[in-house]
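Visitor: Here you go, one structure.
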Amino acid sequence: MEILSGLNQTEIEKITDELKASKFRARQIHNWIYLKSVSSIDEMTDLSVKFREELKQVAVVTDIKIKTKQVSSDGTIKYLLEFSDGECVETVLMRFDNRANLTACVSSQVGCAVNCSFCATGKRGFIRNLSYKEIIEQVLTIQRDTGLKVTNVVFMGQGEPLLNLDNVLKAMEIFNEDFQIGARRLTVSTSGIIPQINKLADFNMQSTLAISLHAPNHNIRRQIMKIEDKYNMEELKKALKNYVNKTGRRITIEYLLIKDVNDSVENAKELAYYLNDIKCNINLIPYNPTEQNDYKRPSNNSVMKFKYLLEHSGKKVTVRLERGADIDAACGQLKGKVC
Ligand code: SF4
């Protein structure tokens, strides 16, 4: 049985050809899937009943299941989604003050091999990559469930997107072409997989690259992110400069502020020095304590001091708005996920 979600126009045409239907039927099905977000073929009401019955013999819209759904007081929704093999991932819909801006935070893998110290996903180890269809199904599920159109997608859910690059790139192409989400509204976040960052630079991607840096120097980074032993900050810096040179795009630096680990005045100055010649914006994320480790959240005062010192170095700095903290969907709580 063919799953229609995730197929592009040409792939849907293959199905309609086999059913001896016109390319126009394929276009109608495509619109029902991506623009009207239907859950079943019966909802495709501009197709004849006879054709819908024929289509139902060979295809279904989706086979993904919503296992749980939690809604935060601020409107954030966290889903636990189950795929046909029983594996599950979390996906979050975030609404910001501007209600027109709906951001889906999608997962790219089940589990993760990178094993950052602050992240429960990493503790599971790597289970498997998601297919590009499973990635885009997360956004389609949100659209079907809410009736809303997602406007931005961030690859900041479970998994390291650059270790599943082919599927992530294919999903981004579909978000761009089939969902009609602008490339600049797509963000890929990585713990710093250098060879893949270089690959992205060669693709001249117009989407946003976010780097989960989380430390101002090698010693602190290797304490909290094992990936530093494989791809260290000095080499990472070269890759980031190469990326900026090739794409002309500004990078986003994600920095998780953990009390007494990486939040001192000295750390802020070191970070400013490290980023001095990299075209970037900085996103500070005060840590959300979880039960999985002893890390603590810094005081608001030290967050503001850290921000001030970085701004003083000439960078644009934001403190990430917390979303969905009451349903464990805030950064650091998506099964402990923060990159
Ligand atoms: S923070 Fe991201 S890269 Fe690190 S272990 Fe978790 S999912 Fe993997």
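Numbering of the sequence shown is given in my numbering, commencing with residue 258 and proceeding in unit increments. Note that CB positions come from ideal geometry on N, CA and C, so glycine has one too.
1. What does the alpha-carbon distance come out to for the pair residue 482 and residue 276?
2. Taking the straight line between their C-alpha atoms, what separation do you get for residue 285 and residue 324?
3. Using only alpha-carbon positions, find the residue among 336, 321, 266 that is nearest to residue 289.
4. Let me check understanding here. Comparing Cα to Cα, which of 513, 551, 334 lies closest to residue 362?
5. Just confirm the distance between the C-beta atoms of residue 260 and residue 427, as a whole number of angstroms; I'd bet it's less than 8 angstroms.
6. Going by CA-CA distance only, name the one from 535, 410, 313, 429 that's closest to residue 570.
7. Kindly indicate which three-state DSSP category residue 438 falls into: helix, strand or coil?
8. Comparing the CB of residue 379 with every heavy atom of the ligand SF4, is any distance shorter than 7 angstroms?
9. Which residue wins for smallest C-alpha separation from residue 529, given the options 510, 435, 421?
10. For a quick check, are the C-beta atoms of residue 541 and residue 522 less than 8 angstroms apart?
11. Let me check understanding here. Comparing Cα to Cα, which of 336, 310, 330 lies closest to residue 321?
12. Measure the CB-CB distance between residue 365 and residue 449 and report whether it falls below 8 angstroms.
13. Taking the alpha-carbon of residue 405 as reference, which of 443, 358, 444 has the nearest alpha-carbon?
14. Evaluate contact between the segment 452-470 and the segment 497-504, counting only Cβ atoms and requiring at least three cross-stretch pairs below 8 angstroms.
Guide: The short version:
1. By one-based count along the sequence shown, residue 482 stands at place 225. By one-based count along the sequence shown, residue 276 stands at place 19. Distance between residue 482 and residue 276, taken at the CA atoms: about 52 angstroms.
2. The count along the sequence shown starts at 1 and reaches residue 285 at position 28. The count along the sequence shown starts at 1 and reaches residue 324 at position 67. Their Cα atoms are separated by approximately 30 angstroms.
3. In the sequence shown, residue 289 corresponds to position 32, counting from 1. For the residues 336, 321, 266, the minimum Cα distance to residue 289 belongs to 266.
4. Numbered from its first residue, the sequence shown carries residue 362 at position 105. Comparing Cα positions, the closest option is 334.
5. Along the sequence shown, one-based indexing puts residue 260 at 3. Along the sequence shown, one-based indexing puts residue 427 at 170. About 15 angstroms; that fails the 8 angstroms criterion.
6. Residue 570 sits at position 313 when you count from the first residue of the sequence shown. Nearest of 535, 410, 313, 429 to residue 570, Cα basis: 535.
7. Residue 438 sits at position 181 when you count from the first residue of the sequence shown. Residue 438 falls in the coil class under three-state DSSP.
8. On the sequence shown, residue 379 is found 122 positions in, with the first residue counted as 1. Result yes, Cβ under 7 angstroms from the ligand SF4.
9. Taking the first residue of the sequence shown as 1, we reach residue 529 at position 272. The shortest C-alpha separation from residue 529 is found at 510.
10. For the purposes of this step, residue 541 is taken as the residue at position 284 of the sequence shown. For the purposes of this step, residue 522 is taken as the residue at position 265 of the sequence shown. No; because the gap between Cβ atoms is not below 8 angstroms, this pair is not in contact.
11. Locating residue 321 in the sequence shown gives position 64, where the first residue counts as 1. Here the closest residue by C-alpha is 336.
12. Walking along the sequence shown from the start, residue 365 turns up at place 108. Walking along the sequence shown from the start, residue 449 turns up at place 192. Contact flag unset, no.
13. Taking the sequence shown and counting its residues from 1, one reaches residue 405 at position 148. Proximity to residue 405 across 443, 358, 444 peaks at 358, based on C-alpha coordinates.
14. Taking 8 angstroms as the limit for Cβ pairs, the verdict is that the segment 497-504 does touch the segment 452-470.
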